[in-house]
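Peer 1: Taking our numbering, I'd label the letters of the sequence shown as residues 211 to 547.
Every residue gets a Cβ at the ideal spot worked out from N, C-alpha and C, and that includes glycine.
None of these values were measured; they are calculated from a predicted model.
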Amino acid sequence: MSTPRVIRVAIIGCGSYGAEHAKFLATFAGVKLGAVADLDAARAEDFRQKYGADYATTDVARIWADREIEAVWICTQHHTHAPLAEAAAAAGKHFFLEKPLALTLADCDRIVAAVERAGVTASSGFKLRFFPAVAAAKAFLAKPTLTVAQVLDDHWASDFWANDPVQGGGNVLSQGCHIVDTVLHLHPTPPVRVYAAGGNRHHPTRDIVDTAAITLTFADGAVANVAVGDCGVSPHSSKFALQQSDGARSFSLYNRLNSLMTREDKKITEHPAQPEDGAAVIDRAFVSALANNQPSPCSIRSARRTTAVMLAAIESIHTGRTVDLTAPPYAAAMVLS
Ligand SMILES: NC(=O)c1ccc[n+]([C@@H]2O[C@H](COP(=O)([O-])OP(=O)(O)OC[C@H]3O[C@@H](n4cnc5c(N)ncnc54)[C@H](O)[C@@H]3O)[C@@H](O)[C@H]2O)c1
């Protein structure tokens, strides 16, 4: 009998979301947590002890040179995503890179080029696609004509790194990408235009966009409205919510997209709420793809497309104009294969 294959992995970035991935990677049968890395040596060592990694390091080059490590999870500030992803790919490591892909279109392009040059398998952190209620909603309604969606956070501290224009890019880019990714995932044709209004409403000391109302048009004529900001979680619909209709049927996703209600022939069905499984939903799919030499379940091109749509929405807020996603510089990022 052959021994089941175990994939040795490393985590780069031992912060709050690195911990979310570590919980899964330290306990999943097909995975061995080989190494953890952080700029902060004590944080990396705490992680090593807590999650049982073989070694902790402050030098990512040690991981690139470690031939036993097949894949890395990059869970660091957004401005470090492109250089770390490029280095991982150049070292032949498959990688899971947290969202958003990067803070500029040029950095997104660098990441996609590095993955395709090296032929590694790469994913980004758009976990909402993998929530069971989202999958059930997609199966219920294949050709939506209208989407209304939101990600509304509680207030973020102005000195939070994700509100730093260099390291994070602000709430709209950082969190809006999650719900816009889900909207793109649920529409069968590509987005062709984006218009957005909004700006900076709560963080006068930061040059970032924290509030946005985004309108998307798709190639088949469908439209979506998306509200984003750290202006306060809605008590009824929750932080993440999404509704769709196609002229005959409709659904509401609420309770952070873990609950689904569908409506057909005026009959409403409330489906059982799903427990939230955190990042495990996407980690499980990515590990399975690696183990079975399958394509990434969340391709790097699709993650670039989502990030590019967010950057176009922010451009629209700054210029007051509609952005054509079928023209340069965005058109190339809309191509998924
Ligand atoms: N998918 C989700 O739902 C979700 C939720 C929260 C955060 N995130 C994402 O996870 C990523 C990390 O966010 P966080 O909240 O864990 O941040 P954090 O500040 O808690 O942790 C980041 C860690 O990375 C380390 N780091 C930074 N640069 C490094 C480098 N070059 N080499 C090694 N270590 C480095 C920092 O020292 C820090 O310990 C971000 O992309 C964020 O948007 C995703």
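1. So for E296, helix, strand or coil by DSSP?
2. Over the uninterrupted beta strand (DSSP E) stretch that includes I418, give me the two end residues.
3. Among residues of its own chain, excluding the 5 on either side of E486, which ones have a beta-carbon nearer than 6 Å to its beta-carbon?
4. Indicate the three-state DSSP secondary structure (helix, strand or coil) for F370 in the structure shown.
5. What separation, rounded to the nearest whole angstrom, lies between the Cα atoms of A263 and T399?
6. What's the gap between the Cα of G530 and the Cα of L313?
7. When the distance is taken between beta carbons, is F336 closer than 9 Å to T392?
8. Counting only the same chain and skipping the five closest in sequence on each side, list residues whose C-beta sits under 6 Å from that of G620.
9. Would you list the one or two residues that DSSP bridges to E480?
10. Check whether the Cβ of W371 sits closer than 8 Å to any heavy atom of ligand 1, and report yes or no.
11. Can you give me the Cβ contacts of T479 inside the same chain, cut-off strictly under 6 Å, excluding the 5 residues immediately before and after it?
12. For H395, collect the residues of the same chain with a Cβ closer than 6 Å to its Cβ; drop the 5 residues on either side in sequence, then sort them by chain order.
13. Can you give me the start and stop residues for the alpha helix (DSSP H) that G228 sits inside?
14. Whole angstroms is fine: what's the gap from G378's alpha carbon to E525's?
15. If you check the beta carbons only, do G442 and A423 fall under 9 Å apart?
16. Less than 9 Å between CB atoms is the rule here; does V246 satisfy it with respect to chain B?
17. Would you list, in sequence order, the uninterrupted alpha helix (DSSP H) runs of no fewer than 4 residues that lie entirely inside the stretch 387-465?
18. I want to check one thing, is the minimum distance from the CB of H304 to the heavy atoms of ligand 1 below 8 Å?
19. Does DSSP classify V241 as helix, strand or coil?
20. Just tell me which of A316, F341, D475 has its CA closest to the CA of P539.
21. Where does W371 land, buried or exposed, given buried means 16+ other C-beta within 10 angstroms?
22. To the nearest angstrom, report how far apart A451 and D269 are at their CA atoms.
23. Check whether the stretch 382-389 and the stretch 425-442 are in contact - that is, three or more C-beta pairs closer than 8 Å.
24. Helix, strand or coil: how does DSSP classify Q385 here?
25. Are the CB atoms of D256 and G225 within a distance shorter than 9 Å?
26. When the distance is taken between beta carbons, is A343 closer than 9 Å to A295?
27. At a cut-off of 8 Å, would you count H395 as near ligand 2, judging by its Cβ distance to the nearest heavy atom?
28. Using a 10 Å radius around the Cβ and a threshold of 16 neighbouring Cβ atoms, would you call Q454 buried or exposed?
29. Buried or exposed, going by whether 16 or more other CB atoms sit within 10 Å of the CB of P310?
30. For T425 and P401, what's the separation of their Cα atoms in angstroms?
31. Under a three-way DSSP split, which group does V376 fall into?
32. Return the residue from the list P214, C387, I279 that minimises the CA-CA distance to A513.
Peer 2: In this structure, then:
1. DSSP places E296 in helix when its eight states are reduced to three.
2. Neither: I418 is in no beta strand (DSSP E) and is coded neither H nor E.
3. So the qualifying residues of the chain are N468.
4. For F370, the secondary structure class from DSSP, reduced to helix, strand or coil, is coil.
5. Whole-angstrom Cα-Cα distance: 43 Å.
6. Between the C-alpha atoms of G530 and L313 there is a straight-line separation of about 21 Å.
7. Taking the C-beta atoms as reference points, F336 is found nearer than 9 Å to T392.
8. Past the edges of the chain, shown from 211 to 547, lies residue 620, and the structure says nothing about it.
9. The beta-bridge partner set that DSSP reports for E480 consists of M471.
10. Yes; taking the cut-off as 8 Å, the Cβ of W371 has a heavy atom of ligand 1 nearer than that.
11. Only T472 meet the Cβ criterion.
12. Excluding sequence neighbours, H395 sits near R339.
13. Element bounds for G228: 226-235.
14. The straight-line gap from Cα to Cα measures roughly 17 Å.
15. Cβ distance not < 9 Å, so G442 and A423 don't count as in contact.
16. Checking the listed chains, one finds no chain B in this structure; it contains a single protein chain.
17. None, since the stretch 387-465 contains no complete alpha helix (DSSP H) of that length.
18. Not under cutoff, so the answer is no.
19. In the structure shown, V241 adopts extended strand secondary structure according to DSSP, grouped into three states.
20. Shortest Cα-Cα distance from P539 to any of A316, F341, D475 involves A316.
21. Result: exposed.
22. So the alpha carbons of these two residues sit roughly 40 Å apart.
23. Yes: at least three Cβ pairs fall under 8 Å.
24. Residue state for Q385 is assigned as helix, using DSSP reduced to three classes.
25. No; because the gap between Cβ atoms is not below 9 Å, this pair is not in contact.
26. Going by C-beta atoms, A295 is not nearer than 9 Å to A343.
27. In terms of ligand content, the structure shown lacks ligand 2 and carries ligand 1 instead.
28. That one is buried.
29. It is buried - the Cβ of P310 has at least 16 other Cβ atoms within 10 Å.
30. Their backbone Cα atoms lie some 10 Å apart in a straight line.
31. Three-state result, V376: coil.
32. Nearest of P214, C387, I279 to A513, Cα basis: C387.
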